[in-house]
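Each residue of the sequence shown is one higher than the one before, counting from 2 in the numbering used here. Here's the structure, in structure tokens; my notes come after.
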Amino acid sequence: MTALMAGVKRSLAVVLVAFALLMATMPTARADGGQLASYNAVASIGADGVLSVTATLTFDGAAPASVQQVFTTARRTTQSTEYRFAVTDVTAASGSTALDVKVASGPISTTVDVPTAGATGPITLSYKVTGAAVANVGGGTVVVWPLLQGLSVPVKVFDAEVRVPAQFNLLDCAAGDPAAPGSCTYYAGGTHDAPVPVFHQEDSRSGDVVVVTLGFPAGQVAVNENVRQLWTAERAFSVAPLPLGLGVGLLLIGGLALWAAQRRVGRDFAGSVEPKSVAEFKPIAAGKTEFVVADGIRPGVIGTLADERVDPVDVTAAVLDLAVRGHILISELPRETVHSATDWSFTRRQVDAPLADYERTLLNAIAPVQGDAVKLSNLPGSLHSVIGDVQSQLYDEVVANGWFARRPDATRDRWGLAAWIALIVATAAAVGLILFTTFGLAGLALVLIALGLLGISKEMPARTAEGIAVLRGLDVLRGNLATHPVENLSGPDAYTQISALVPYAVVLGGRDRWLAALASADDDDVPDSDDLDWYHGPSGWHLADLPASLNNFVTVMQGTLFSR
């Protein structure tokens, strides 16, 4: 019984709050003057839940031209639901004379206008209500209806009795301002002295309400509620224990799954490995060293190993490396005018030395075997058609070297595709959950997980033990390029020694100090247009111009490689 009464009270509270919230915003019925001495309502609740009401309106003095009553037919609750009511079969009479009642139905109310001009006796108003019998959360039925509401004139005395089809277990009455109704003057029912529920309220103002409530055990009065679930942000993103717990749980599980996937698939080899030398400054005499590349590891591939991507700088370094090794001659062309952009040409040289696939493809694109020298400014057309092949072959090269188990680009693409599919599915699921359920937080969690997968997809390529060893060797080389004394590479072969490391410095950093060292190796004041066997300058060009020339070349070359 305690649980039942608790449910009844909860239902009553919800419905009363709904009445208060909506009726406070309802327009007050139009007042044409006059007042009612009494408003006596006799209501009957049918077993089907339909409420039939007959009200007798007695005027205090002369009747106004008309009396208007506004019935609220849509009431929202604080639980994002809306109860709908139907007011039908509206009639009015003055004695035995039927009155021409005007009924106007709107989205949230039904307005009844009763012509009362010249009335000398009471006016009878009758109507039926469907939807007032609502389900009680604790079981049974609760009938709630404002027998007085939206009246255009004040009422001195309101009385009502409600005839019921069965014994009721709840009786209540609220009256007064619709925004905050209080208790009725008195109400009673279900006792020996008052077996029929009666309700009494005095001095009601125009627009005041008298809301009667009766509750019945299950099976006595049918529920005929018309309740709609409304979409609100509070409902969609409910913080009730189940929706909140599910959202947090999904987020935690998804986060752990992403962390585990990244560690299992995208984590580099974590064991102990010694750095593998890529290139070193080998001592040859006191204060003298030479730059030696180990195992033919070229600049293009070390850049791909370092950041798991084929970048413009990697391909540019590969072009410089081809020139230093004698496969092409890079010639800086004289400017046509003082304001013209600098241009370069590539001339093919016949060198019988092995080339990696990406080097061969790149060489054939920038300096074909047969033909004249190719200008850098004319490269975009021919280079763009093969740059994809060069990138692909570079990825194949790092796999063939054993630095990655799978191509980094393929790994990123595979995980990226999975992430985008997950994001689309998660977004669709989130939209559905937000629009139609209270589990919007779970939908947001799914979207966040998919975004997390999209984020880690870029980090999924994993280096092998061999790749980590070479990567650590690159760190050693990077430090050496930044700190090794440049004067240790001096002497008659300084041009050759410093030139060999320039492509590596372009990728790993430190090229400015080595270009400056190359310029400093010039020991005369005459032009040096062809002193370097891999880079020729225009007439009057000096090695002192090399840093600016080569930095300009690197910038233009990178832009040419990947411009569209």
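Don't be surprised by glycine CBs; every beta carbon is placed ideally from N, CA and C.
Alpha helix (DSSP H) segment containing residue i, residue limits
i, result
"LEU472", "466-484"
"ALA38", "No alpha helix (DSSP H) contains ALA38, which is instead part of the beta strand (DSSP E) from 37-46."
"PHE86", "Taken as a continuous stretch (DSSP letters only), PHE86 belongs to no alpha helix (DSSP H), as it is neither H nor E."
"ASP315", "313-325"
"ARG77", "Unbroken run through ARG77 is the beta strand (DSSP E), 75-77; no alpha helix (DSSP H)."
"GLY301", "300-308"
"SER458", "441-458"
"ARG336", "Where ARG336 is concerned, there is no enclosing alpha helix (DSSP H), given that its DSSP letter is neither H nor E."
Neighbourhood of residue i by C-beta, 7 Å cutoff - its chain only, sequence neighbours within 5 removed
i, result
"LEU449", "LEU252"
"PRO568", "Residue 568 cannot be examined here, being either before or after the span of the chain that is shown, 2 to 565."
"LEU547", "LEU516, LEU519 and ALA520"
"GLY510", "ARG479, LEU482 and ALA483"
"LEU247", "PHE440 and ALA443"
"HIS340", "none"
"GLY304", "ASP312, VAL314, ASP315, ALA318 and VAL508"
"ALA431", "GLY444, LEU445, LEU447 and VAL448"
"ARG512", "VAL503 and ALA506"
"LEU533", "TYR496 and SER500"
For residue i, the first and last residue of its enclosing beta strand (DSSP E)
i, result
"HIS385", "Taken as a continuous stretch (DSSP letters only), HIS385 belongs to no beta strand (DSSP E), being part of the alpha helix (DSSP H) at 380-401."
"SER127", "124-131"
"ASN365", "Careful: ASN365 lies outside any beta strand (DSSP E), inside the alpha helix (DSSP H) at 358-367."
"THR55", "52-60"
"ASP296", "Per DSSP, ASP296 belongs to no beta strand (DSSP E) and is neither H nor E."
"GLU333", "329-333"
"SER500", "No beta strand (DSSP E) contains SER500, which is instead part of the alpha helix (DSSP H) from 495-509."
"GLY229", "Correcting the residue identity first, residue 229 is Arg in this sequence and not Gly. Its beta strand (DSSP E) spans residues 227-230."
"PHE405", "Premise fails: PHE405 is in no beta strand (DSSP E) and is neither H nor E."
"LEU215", "210-217"
"ARG236", "No beta strand (DSSP E) contains ARG236, which is instead part of the alpha helix (DSSP H) from 234-237."
"ARG349", "345-349"
Residues near residue i in its chain [Cβ-Cβ closer than 8 Å; skip 5 each side]
i, result
"THR186", "ALA176, HIS201, GLN202 and GLU203"
"GLN498", "GLU291, PHE292 and LEU490"
"TRP542", "GLU333, PRO528, ASP529, SER530 and SER550"
"PRO300", "ASP315, ALA318, ALA319, LEU321, ASP322, PRO504, TYR505, VAL507 and VAL508"
"VAL325", "SER500, ALA501, VAL503, PRO504 and TRP535"
"HIS537", "LEU330, ILE331, SER332, GLU333, SER530 and ASP531"
Which residues DSSP lists as bridging residue i, in chain order
i, result
"TYR187", "HIS201"
"ASP523", "In DSSP, ASP523 forms no bridge with anything."
"THR290", "PRO284"
"TYR536", "ILE331"
"THR92", "SER127"
Close Cβ partners of residue i (< 6 Å) along its chain, the five nearest in sequence each way excluded
i, result
"ASN552", "none"
"GLY96", "GLY122"
Cβ pair residue i, residue j closer than 7 Å
i, j, result
"SER81", "LEU172", "no"
"ALA94", "THR125", "yes"
"ALA451", "ALA423", "yes"
"GLU226", "GLY132", "yes"
"VAL584", "GLY216", "Nothing about residue 584 can be reported from this structure: the residues present for the chain run from 2 to 565 only."
"SER207", "VAL163", "no"
"ALA354", "ILE329", "no"
"MET461", "VAL266", "yes"
"VAL352", "GLY372", "no"
"SER205", "PHE159", "yes"
"SER346", "ALA366", "no"
"LEU472", "VAL279", "no"
"GLY141", "ALA219", "yes"
Residue i CB to nearest heavy atom of the ligand NAP below 6 Å
i, result
"SER383", "The ligand NAP is not part of the structure shown, which contains no ligands of any sort."
Next item on the list: Please go through the region 241-279 and give each complete beta strand (DSSP E) segment of 3 or more residues, from N-terminal end onward.
Entry: Segments of the beta strand (DSSP E) lying fully in the region 241-279: there are none.
Checklist line | Within the region 106-176, ranges of the beta strand (DSSP E) (whole runs, at least 3 residues) | finding: Correct list: 110-116, 124-131, 134-136, 142-149 and 156-164.
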